[in-house]
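Numbering (my numbering), first residue to last: 496 to 591.
All C-beta atoms, glycine included, are put in the ideal place defined by N, C-alpha and C.
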């Protein structure tokens, strides 16, 4: 594991890892969308479904004319929020 996960209690580590996984799923969907991944593929469909669920609150927040910009902004915002909030909570748990 990376050094940022080694110190502190296990609850903080679990929260940080979950936040990272959520952000990776969202980032993976952004990448798949931009690269025009085959949506009939099971892996692409799974990532899309998971990203839709994770970004349900931010997915249609922006109304850019270009679809790619809406995807990057909506899903990207969710990824940044999950990372920021998840790691903030993890750091608080590690201090106690």
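For residue 557, there is no enclosing alpha helix (DSSP H), since its DSSP letter is neither H nor E. As summarised for the segment 524–586, there are no continuous beta strand (DSSP E) elements at least 3 residues long confined to that stretch.
Residue 509 has its alpha-carbon roughly 23 Å from the corresponding atom of residue 524.
Shown here for residue 542: same chain residues with a beta carbon closer than 8 Å to its own, the five before and five after excluded, namely 520, 523, 524 and 527 in chain order. By the 16-neighbour rule on beta-carbons within 10 angstroms, residue 551 is exposed.
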